[in-house]
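Accompanying notes for the structure given below.
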Amino acid sequence: MDFLHTFLKIVSQKLSWVTTDYSIPWKRYVLAFSWGNTLFETYLLLRQYPNYSKTKPPPALANHFTADVFAKSQNYGRDKAKFSLVSGIYSQLLETAILFFGGYAWAWGAAGSVLAYFGYGPEYEIPQSIVWAAILYAMSSIPSLPLEVYRTFVLEEKHGFNKTTPWTFVTDIVKGWFVGLIIGGPFLAAFLAIVRWAGDRFVPWLMGFLCVFQMLMIFIYPNWIQPLFNKLSPLPEGTLRSKIENLASSLKFPLKHLYEIDGSKRSSHSNAYFFGLPWSKHIVIFDTLIKQSAPEEVEAVLAHELGHWYYMHPTKLLTVSQLHLFSILAVFPPFLHSPPLLRSFDFPAAVAAKPPIIVSFMLFQMILAPIETVVGIGMNAISRKFEWEADAFACELPAKVGGAKGKANVDAMADMGDRLGKALIAIHVKNLSTVWVDWLFSAVHHSHPTLTERLKALDEFKMKRKASVKKEL
1 MDFLHTFLKI
11 VSQKLSWVTT
21 DYSIPWKRYV
31 LAFSWGNTLF
41 ETYLLLRQYP
51 NYSKTKPPPA
61 LANHFTADVF
71 AKSQNYGRDK
81 AKFSLVSGIY
91 SQLLETAILF
101 FGGYAWAWGA
111 AGSVLAYFGY
121 GPEYEIPQSI
131 VWAAILYAMS
141 SIPSLPLEVY
151 RTFVLEEKHG
161 FNKTTPWTFV
171 TDIVKGWFVG
181 LIIGGPFLAA
191 FLAIVRWAGD
201 RFVPWLMGFL
211 CVFQMLMIFI
221 YPNWIQPLFN
231 KLSPLPEGTL
241 RSKIENLASS
251 LKFPLKHLYE
261 IDGSKRSSHS
271 NAYFFGLPWS
281 KHIVIFDTLI
291 KQSAPEEVEA
301 VLAHELGHWY
311 YMHPTKLLTV
321 SQLHLFSILA
331 VFPPFLHSPP
341 LLRSFDFPAA
351 VAAKPPIIVS
361 FMLFQMILAP
371 IETVVGIGMN
381 AISRKFEWEA
391 DAFACELPAK
401 VGGAKGKANV
411 DAMADMGDRL
421 GKALIAIHVK
431 NLSTVWVDWL
441 FSAVHHSHPT
451 LTERLKALDE
461 FKMKRKASVK
471 KEL
């Protein structure tokens with residue numbers, strides 16, 4: 001622990017200029033980068049947009065997309081691109097207005113006025129921080145509501161995906177605010193209390209708290225939060241359930257519950273995923289996926305998902321994210337004691353003299369935005385690598401379960417790669433997913449390889465599998 005604190009102290013000393021240098025125009029820097037990022041996103045959309053004018057799918061998909069379905073897919077992609085362009089510029093203008101007119105400083109003063117109304121002064125930093133966070137959330141989310149209404153009831157409705165009623169839309173917003181208050185309020189209070197208690201030695205304590213919080217959320221979310229929005233029901237007995245249970249048993253996957261979720265309540269899009277602690281996992285399948293795909297294809301999708309578990313991808317991603325979090329927190333202490341930073345964002349001298357923890361952390365995150373953009377691209381690259389591995393796992397499944405359940409079980413899984421390919425095509429067709437994708441747009445935005453890339457790789461995996469079987473013979 002002493003070594004860690006020594007290291008963190010050295011980092012703080014190297015960045016000590018942050019606490020005294022009033023010449024750095026932090027707000028201008030943030031504005032410049034945020035606009036630079038918006039222009040870059042616009043450039044990516046303009047690179048991608050010509051792909052929506054193509055009249056035929058890629059050759060590998062020519063037999064799977066009818067002319068009518070492909071035209072619908074192109075129209076859907078084109079409309080989403082237009083919406084992304086407009087919403088991105090609108091959000092940037094909103095953020096610029098908040099920054100330019102001192103919205104963060106105003107919100108802190110407003111939060112202080114709210115507390116003063118109830119008889120509490122500025123010494124109650126944690127309650128004021130919670131109110132400040134709520135005001136900022138309202139300032140950004142309420143003006144964005146028209147965009148959400150348009151996306152749900154115009155764009156998604158136009159292309160046949162929206163199943164959300166106005167009542168569901170409104171109640172989802174109210175429930176979201178409720179969950180944010182019940183979970184976010186205590187979380188933020190604990191976060192700030194730990195930093196205040198530990199001082200500049202907060203990093204290991206805060207990381208420990210965040211790890212515990214993540215573990216608790218694994219239990220809290222499916223049991224208390226998700227039921228507020230969706231209904232989880234045990235997957236009925238039948239062919240699909242038997243196949244998935246057999247697959248999980250063959251791999252010694254610690255399956256505790258197998259759920260069907262009413263995703264069709266809001267959208268026609270489909271998905272499947274698993275969650276849980278290492279010794280207790282839960283698989284969730286969207287009812288839309290069950291309706292759109294044959295049991296054999298759903299089984300193949302789950303084989304891919306279990307590939308992520310087999311290769312410990314969630315654990316690896318968690319490790320990377322923890323290292324990333326540590327690097328952020330390690331650099332934060334000098335910014336925590338930086339009056340120049342707050343003054344740059346229009347905070348009064350009295351507030352800047354003793355910077356509130358939450359304000360410093362929020363402004364610090366805005367300054368880190370350029371680095372976070374690069375980190376996001378890197379995380380996408382790691383995620384795509386993991387997707388390749390999970391696809392390969394599905395193709396190699398017979399070798400993974402060989403001997404576990406006998407030859408009949410292995411033979412039943414021999415065509416898992418073919419079934420996964422069919423399932424991916426079916427999902428893309430039903431979801432009207434874009435199949436022509438610019439490489440740079442994909443690198444920045446996509447955590448999964450494109451459909452044509454995955455199908456090509458599946459063919460290669462299957463050929464390698466056949467070659468290895470021949471060598472064994």
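Residue 414 in the UniProt record's numbering is what sits at position 414 of the sequence shown, and the numbering runs on without skipping anything.
A virtual CB, placed ideally from N, CA and C, is assigned to each residue, including glycine.
It should be emphasised that the depicted structure is a prediction, and the values quoted were computed from it without experimental measurement.
Self-check item: alpha helix (DSSP H) segment containing F191, residue limits
Solution: G185 to A198
Exercise. Measure the Cβ-Cβ separation of L289 and F253 and say whether it is below 9 angstroms.
Key: no
Quiz prompt | Presumed contact (8 angstroms Cβ cut-off) between L363 and L420, rounded CB distance | solution = Not quite, the Cβ-Cβ distance comes to about 46 angstroms (not below 8 angstroms), so this is no contact.
Quiz prompt | Within 9 angstroms, strictly: CB atoms of A330 and L342 | solution = no
Self-check item: Close-in-space but distant-in-sequence residues of the same chain around K27 (CB under 7 angstroms, 5 per side omitted)
Solution: L99, S344 and F345
Quiz prompt | Option in G208, V11 and E260 with minimal Cα separation from S233 | solution = E260
Quiz prompt | Beta bridge counterpart(s) of E260 as assigned by DSSP | solution = S233 and I285
Exercise. Count the C-beta pairs between the segment 320-327 and the segment 206-219 that are closer than 8 angstroms, then say yes if the count reaches three, no if not.
Key: yes
Quiz item: When DSSP labels each residue in this structure, what does A272 get in the three-state scheme?
Solution: strand
Quiz item: What three-state label does DSSP hand N380 in the structure shown?
Solution: helix
Exercise. Mark G103 as exposed unless 16 or more other C-beta atoms lie within 10 angstroms of its C-beta, in which case mark it buried.
Key: buried
Practice problem: Can you grab the Cα-Cα spacing for the pair F153 / L228, in whole Å? | Solution: 21 angstroms
Practice problem: Take every Cβ of the segment 358-377, pair it with every Cβ of the segment 292-310, and state whether three or more of those distances are shorter than 8 angstroms. | Solution: no
Quiz item: Of the choices F101, S84, S53 and K82, whose alpha-carbon is the least far from that of A71?
Solution: S53
Exercise. Kindly list the residues whose CB is nearer than 7 angstroms to the CB of L45, restricted to its own chain and excluding five residues on each side of it in sequence; keep chain order.
Key: A81, S84 and L85
Quiz item: When you compare only the Cα positions, how much space is there between S12 and F3?
Solution: 14 angstroms
Exercise. Just tell me which of N75, I328, R384 and F101 has its CA closest to the CA of A369.
Key: I328
Quiz item: Can you name, in chain order, every residue of its own chain whose Cβ lies under 7 angstroms from the Cβ of A404, other than the five neighbours on each side?
Solution: Note that A404 scores 49 on pLDDT, short of 50, meaning its location in the model is unreliable and no value can be drawn from it.
Quiz item: Going by alpha carbons, who is nearest to V359 out of G36, Y90, L136 and Y49?
Solution: L136
Quiz prompt | Beta-ladder partner(s) of L251, from DSSP | solution = Looking at the DSSP assignment, L251 forms no beta bridge with any residue, so it has no partner.
Quiz prompt | Reduced DSSP secondary structure (H/G/I, E/B, other) of S293 | solution = coil
Quiz item: Among residues of its own chain, excluding the 5 on either side of H445, which ones have a beta-carbon nearer than 8 angstroms to its beta-carbon?
Solution: L44 and N380
Quiz item: Secondary structure at N63, three-state DSSP: helix, strand or coil?
Solution: coil
Quiz item: From S16 to K385, what does the alpha carbon distance come to, in whole angstroms?
Solution: 39 angstroms
Quiz item: For D262, which residues from the same chain have a beta carbon less than 6 angstroms from its beta carbon, with the 5 sequence-adjacent residues on both sides left out?
Solution: N230, K231 and D287
Practice problem: Have a look at S280 and K256 and give me their C-alpha separation to the nearest angstrom. | Solution: 6 angstroms
Quiz item: Quick one: any contact between the segment 214-223 and the segment 386-396, if contact means 3 or more CB pairs under 8 angstroms?
Solution: no
Quiz item: So, helix, strand or coil for L15, using DSSP?
Solution: coil
Quiz item: Can you tell me the Cα-Cα spacing of A62 and V69, whole angstroms?
Solution: 11 angstroms
Quiz item: Taking the alpha carbon of K464 as the point to measure from, which residue in W439, F441, S442 and F393 has its own alpha carbon closest?
Solution: F393
Quiz item: If you follow the alpha helix (DSSP H) that N37 is part of, which residue opens it and which one closes it?
Solution: W26 to Q48
Quiz item: For the putative contact between residue 491 and V114, defined by C-beta atoms under 8 angstroms, what is the C-beta separation to the nearest angstrom?
Solution: This structure cannot speak to residue 491, because the chain is shown only from 1 to 473.
Quiz prompt | Terminal residues of the alpha helix (DSSP H) in which D418 lies | solution = M416 to N431
Quiz prompt | DSSP three-state assignment for S267, whether helix, strand or coil | solution = strand
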